[in-house]
Amino acid sequence: MRNADPVRRTLARVSLADPRVLIDATAVPADRGGVGRYVDSLVAALDADGARLSVVCQPRDAALYGRIAPRSRIVPTSESIATRTARLTWEQTTLPRLVRKLGVDVLHSPHYTIPLAGQAASVVTLHDATFFTDAVLHHSIKARFFRAWTRTALLRASLCVVPSVATATELTRVAGADPRGLEVIQHGVGTDRFHPPSPREVADARAAVGLGGTPYVAFLGALEPRKNVPALIRGFASACRDRPDPPALVLAGQPGWDHQIERALDAVPHRLRVIRAGYLPFDNLAGFLGGAALVAYPSLGEGFGLPVLEAMACGSCVLTTRRLSLPEVGGDAVAYCGVGAGDIGAAISDLLDDPARRADLSAAAQRRAKDFSWDLSAERHRSAYGRAFTLHRRSR
Numbered sequence: 001m002r003n004a005d006p007v008r009r010t011l012a013r014v015s016l017a018d019p020r021v022l023i024d025a026t027a028v029p030a031d032r033g034g035v036g037r038y039v040d041s042l043v044a045a046l047d048a049d050g051a052r053l054s055v056v057c058q059p060r061d062a063a064l065y066g067r068i069a070p071r072s073r074i075v076p077t078s079e080s081i082a083t084r085t086a087r088l089t090w091e092q093t094t095l096p097r098l099v100r101k102l103g104v105d106v107l108h109s110p111h112y113t114i115p116l117a118g119q120a121a122s123v124v125t126l127h128d129a130t131f132f133t134d135a136v137l138h139h140s141i142k143a144r145f146f147r148a149w150t151r152t153a154l155l156r157a158s159l160c161v162v163p164s165v166a167t168a169t170e171l172t173r174v175a176g177a178d179p180r181g182l183e184v185i186q187h188g189v190g191t192d193r194f195h196p197p198s199p200r201e202v203a204d205a206r207a208a209v210g211l212g213g214t215p216y217v218a219f220l221g222a223l224e225p226r227k228n229v230p231a232l233i234r235g236f237a238s239a240c241r242d243r244p245d246p247p248a249l250v251l252a253g254q255p256g257w258d259h260q261i262e263r264a265l266d267a268v269p270h271r272l273r274v275i276r277a278g279y280l281p282f283d284n285l286a287g288f289l290g291g292a293a294l295v296a297y298p299s300l301g302e303g304f305g306l307p308v309l310e311a312m313a314c315g316s317c318v319l320t321t322r323r324l325s326l327p328e329v330g331g332d333a334v335a336y337c338g339v340g341a342g343d344i345g346a347a348i349s350d351l352l353d354d355p356a357r358r359a360d361l362s363a364a365a366q367r368r369a370k371d372f373s374w375d376l377s378a379e380r381h382r383s384a385y386g387r388a389f390t391l392h393r394r395s396r
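By full-length UniProt numbering, the letter at position 178 of the sequence shown is numbered 178, and the numbering carries on one by one without gaps.
Structure follows, in structure tokens:
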């Protein structure tokens with residue numbers, strides 16, 4: 001019996017360093033946007049790193065998580081939570097019971113909201129602060145909802161993860177966050193999906209959007225006001241209206257609620273081609289991004305800017321803005337412009353006229369993208385889980 005105490009102390013140290021974690025993936029939409037790619041990639045990297053991981057997900061995603069996280073425990077929900085209201089109700093009522101049943105030490109809620117009751121340590125990912133700083137760029141109901149839950153997470157979670165220094169700084173400034181409760185962990189990029197494409201991948205992407213052999217400027221993202229797409233359309237038109245063989249502009253991504261897009265499209269000269277490609281399957285993204293003359297992402301503000309990083313990994317020449325986190329991602333490997341149509345148009349024109357600079361930026365982007373890996377992100381998340389578990393134990 002004299003050896004029991006050292007054994008228990010050793011087990012306690014192991015538990016603190018490597019707690020049992022449950023990731024709530026039920027908020028991931030069927031069409032994977034940025035948050036979905038974050039959750040999927042993190043789950044796969046944590047599983048590969050040997051984390052003691054469970055994942056609760058919607059039934060439609062059970063096979064996916066079983067495939068990408070074969071060593072983890074996958075728990076599909078037994079009830080329908082397809083609507084936001086149903087999911088939030090499930091989160092507040094059923095999820096705390098599931099946490100107790102599974103005996104996990106840390107619950108990771110990767111999309112702002114968190115159960116208000118529960119005995120486990122909690123980690124919440126807060127993806128950006130624009131619901132506070134640029135509320136007019138969001139639906140008013142959505143902005144109020146996420147402001148409220150961000151404040152709740154900052155008050156109640158053991159630890160909050162944010163993807164950039166810019167987001168941490170803004171949450172401290174506008175939401176009263178305690179910097180000691182924030183863990184900055186950058187996203188990674190999956191080179192299995194995002195890589196310099198083969199000629200076949202480029203050809204398949206061109207066929208998917210109906211391009212043929214026309215050169216094109218690419219945009220990838222939801223068509224919402226924060227992405228500044230109307231200014232991109234106007235800037236593209238000004239840059240290309242007098243070119244003898246102008247490229248097309250291809251807008252790929254989920255439909256949004258930016259009603260100014262139609263007005264901007266109506267003003268585009270008839271000789272210029274703008275394609276609204278809609279949602280593109282993952283298999284087409286490398287060819288779409290890497291096959292573009294340049295990728296334009298003139299966002300008004302991002303919590304991280306995953307589309308910029310993904311385009312860089314595909315060897316794209318990327319044009320973006322210096323708003324919030326974007327310079328943390330792009331560094332010196334991308335071109336920058338202002339957010340107005342005139343600035344965007346001038347930058348597009350300069351890049352189209354300078355193939356050598358585009359090639360230099362493409363090479364620099366590929367080098368810089370290698371600094372962002374999901375393996376490193378998973379390692380830092382595991383450290384955050386251990387820290388959250390320690391803080392939770394001390395507070396009890």
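Using N, Cα and C, we set each Cβ at its ideal position, and we do this for glycine too.
According to DSSP, Glu-183 shares a beta bridge with Val-161. A check of alpha carbon separations from Arg-322 across Leu-116, Ala-313, Glu-302, Leu-53 identifies Glu-302 as the nearest. Distances from the alpha-carbon of Gly-188 to those of Arg-60, Asp-31, Leu-309 put Leu-309 closest. The region 235-248 and the region 266-284 touch, with three or more beta-carbon pairs separated by less than 8 Å. Taking C-beta atoms under 8 Å as the contact rule, Pro-255 and Val-217 fail to qualify, at a distance of about 20 Å. Residue state for Cys-57 is assigned as strand, using DSSP reduced to three classes. For Pro-246, there is no enclosing beta strand (DSSP E), as DSSP gives it neither H nor E.
Note on Thr-77: 16 or more other CB atoms within 10 angstroms of its CB, so buried under the neighbour-count rule. The C-alpha of Val-295 is placed about 10 Å away from the C-alpha of Cys-314. The beta carbons of Arg-37 and Leu-306 sit about 7 Å from each other, so the pair counts as a contact at 8 Å. The beta carbon of Ala-277 sits closer than 7 Å to those of Val-209, Val-250, Leu-251, Ala-252, all from its chain and outside the five residues before and after it, given in chain order. Beta-bridge partners assigned by DSSP to Asp-24: Val-56.
Contact annotation, Ser-54 with Val-104: C-beta distance approximately 6 Å; criterion of less than 8 Å satisfied. In the three-state reduction of the DSSP assignment, Thr-214 falls in the coil class, being assigned neither a helical nor a strand state.
Closest option to Arg-97, judged by alpha-carbon separation, among Pro-29, Ala-365, Ser-140, Leu-22: Leu-22. Take Ser-377, set aside five residues on each side of it, and the residues of its chain with a beta-carbon closer than 7 Å to its own are Leu-42, Ala-45, Ile-185, Gln-186, His-187, Gly-188, in chain order. In the same chain as Tyr-336, and ignoring 5 residues on each side of it, the C-beta atoms closer than 6 Å to its own belong to Arg-322, in chain order.
Secondary structure in the UniProt domain "Glycosyl transferase family 1" (212-367): the alpha helix (DSSP H) runs of 4 residues or longer, each lying completely within the stretch, are 229-240, 260-266, 282-290, 306-313, 326-330, 341-352 in chain order. As the crow flies, the alpha-carbon of Pro-115 is around 14 Å from that of Arg-151. Separation of the CB atoms of Val-229 and Asp-192 is rounded to 29 Å, and the pair is thereby denied contact status at 8 Å. Listed in chain order, the non-local C-beta contacts of Gly-291 below 7 Å within the same chain comprise Pro-197, Val-202, Ala-205, Arg-206, local neighbours out to five positions each way being set aside. Nearest in C-alpha terms to Leu-272, of all of Arg-241, Trp-374, His-138, is Arg-241.
For Pro-96, the uninterrupted alpha helix (DSSP H) segment begins and ends at 84-102. In this structure, the beta-carbon distance from Arg-60 to Ala-30 falls below 8 Å. Looking at Ser-72, Ala-168, Phe-194, the one whose alpha-carbon comes closest to that of Lys-370 is Phe-194. In the three-state scheme derived from DSSP, where H, G and I count as helix and E and B as strand, Ile-114 is classed as coil.
Around the Cβ of Ala-27, a 10 Å sphere holds 16 or more other Cβ atoms; the residue is buried. Taking one beta carbon from each stretch, the region 160-180 and the region 124-133 have 3 or more pairs nearer than 8 Å; the two touch. The beta carbons of Ala-333 and Leu-361 sit about 6 Å from each other, so the pair counts as a contact at 8 Å.
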